[in-house]
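Using the working numbering, read the sequence shown as starting at 1014 and increasing by one per residue.
Heads up, the beta-carbon is just placed ideally off N, CA and C, and yes, glycines get one too.
Keep in mind it's a predicted model, so treat the numbers as computed, not measured.
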Amino acid sequence: MGTDSFFPFPDGLEAAVDVGAKAIINPGGSIRDEMVIKRADELNCALVFCGKRVFRH
């Protein structure tokens, strides 16, 4: 799965895993990245940080 936003809390990651995501790429940058990484590890989900957002307002 890919997203153009970071996960501010692990709940979005958990929802993605619940519907079958095994790997997620996102830009990172949340103050809670470490919490989200820990939860991804617990759920055996690969979490890749690309460091870049494409969305513009």
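Limits of the unbroken alpha helix (DSSP H) element including Leu1026:
Indexing the sequence shown from 1 puts residue 1026 at position 13. Leu1026 -> alpha helix (DSSP H) spans Asp1024 to Asp1031.
Where does Val1049 sit, in a helix, a strand or coil, going by DSSP?
The residue labelled residue 1049 in the question sits at position 36 within the sequence shown. Reduced to three states, the DSSP call for Val1049 is helix.
Confirm, please, whether the CB-CB distance from Phe1068 to Val1049 is below 9 Å.
Reading the sequence shown from its first residue, position 36 is the one you call residue 1049. Reading the sequence shown from its first residue, position 55 is the one you call residue 1068. Cβ distance not < 9 Å, so Val1049 and Phe1068 don't count as in contact.
Beta strand (DSSP E) segment containing Ala1034, residue limits:
Working through the sequence shown from its first residue, we reach residue 1034 at position 21. Careful: Ala1034 lies outside any beta strand (DSSP E) and carries neither H nor E.
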